[in-house]
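S.K.: Take 1 as the starting number for the sequence shown in full-length UniProt numbering and just add one per residue. Each residue gets a CB set at the ideal place from its N, CA and C atoms; glycine is no exception. Since this is a predicted model, take the numbers as computed values, not measurements.
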Amino acid sequence: MSGTDGKLGGLARSLLDPRTYAHAFRLLHFASYSHVQQVRRLNRGANVSFAPNVSFRNAERITIGAGSHIGEHSVIWAGNSTGRIVFGEKCLLAPNVTITASNYGTEPGTPVMDQPKIEEDIVIGDDVWLGANTVVLAGVTIGDGAVVAAGAVVTKDVPAGAIVGGVPARVIGQRGTKGGEPAS
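Structure below.
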């Protein structure tokens, strides 16, 4: 068997393989994927960029300010009915950031799955940097110019210009000071 026969045989096998057609169908209908539909519902300013594998839920309640970037594998979930997420301008989210505007109740005697959801808005100011693997929970406001260290869990408001880190996040420094030392 010559090289040409082998290539033609491979082509023939590919054309008979149903996986080839399934893949072509997915490529042709990429715009109907649910994540793309969510992206279309976003309220976003000019020059907003995000990785193609960012997960949005209830995107009609998400606003992203101009010049912002959302990193790979980030999860941005607004509440099902009221919880909104609002980003200011020039925000930077590193990979794997999770922001959710809803949480389950914790009443004793009721399974978590049966608890009512508690939805609260999240407001993230201008020029905010959220480090990799950061988690921001419902009801939080992050002030302009704040920095959230990688791996932090933000459960309370963050002042403007603060550098926060830890679980739960606490102020560990201030932007604009040498080495980010805590403000005195």
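Round the Cβ separation of S90 and S74 to the nearest angstrom and send it over; I've been treating them as touching at under 8 Å.
M.R.: According to the sequence provided, residue 90 is Lys. The question's Ser does not apply to it. With a Cβ gap of about 17 Å, K90 and S74 do not count as contacting.
S.K.: Looking at the structure shown, is G173 part of a helix, part of a strand, or coil, going by DSSP?
M.R.: strand
S.K.: Sorry if obvious, but does the Cβ on E107 come closer than 7 Å to a heavy atom of the ligand GTP?
M.R.: This structure lacks the ligand GTP; in fact it carries no ligand of any kind.
S.K.: Excluding the 5 residues preceding and the 5 following L137 in the sequence, name in chain order all residues of the same chain whose CB lies nearer than 6 Å to its CB.
M.R.: T155
S.K.: The beta strand (DSSP E) with R61 in it runs from where to where?
M.R.: DSSP places R61 in no beta strand (DSSP E); its state is neither H nor E.
S.K.: Taking 8 Å as the cut-off, decide whether the C-beta atoms of L92 and I64 are in contact.
M.R.: no
S.K.: In chain order, what residues of the same chain lie with their CB nearer than 6 Å to the CB of L130, ignoring the 5 residues before and after it?
M.R.: L93, V97, V148
S.K.: As a quick exercise: from T177, G151, A162, pick the residue whose alpha carbon is nearest that of I142.
M.R.: A162
S.K.: Tell me whether the beta-carbon of G83 lies closer than 8 Å to the beta-carbon of A101.
M.R.: yes
S.K.: If the criterion is Cβ atoms closer than 8 Å, does the pair K122 and G105 meet it?
M.R.: Per the sequence shown, the amino acid found at residue 122 is Ile instead of Lys. No, Cβ-Cβ distance for I122 and G105 is not below 8 Å.
S.K.: From what residue to what residue does the beta strand (DSSP E) around E119 run?
M.R.: 117–119
S.K.: Alpha carbon to alpha carbon, how far is Q174 from A132?
M.R.: 19 Å
S.K.: For N47, is the classification buried or exposed, using 16 other Cβ atoms within 10 angstroms of its Cβ as the cut-off for buried?
M.R.: exposed
S.K.: If N80 sits next to N58, beta carbons under 8 Å apart, how far is it from one beta carbon to the other, in whole angstroms?
M.R.: 6 Å
S.K.: Rounded to the nearest angstrom, what separates F87 and N103 at their Cα positions?
M.R.: 20 Å
S.K.: What are the partner residues of L11, as DSSP defines its beta bridges?
M.R.: Bridge partners of L11: none, in fact.
S.K.: Quick test of your reading: A51 and I62, contact by CB under 8 Å. State the CB separation rounded to the nearest angstrom.
M.R.: Contact flag wrong, Cβ pair sits at about 16 Å.
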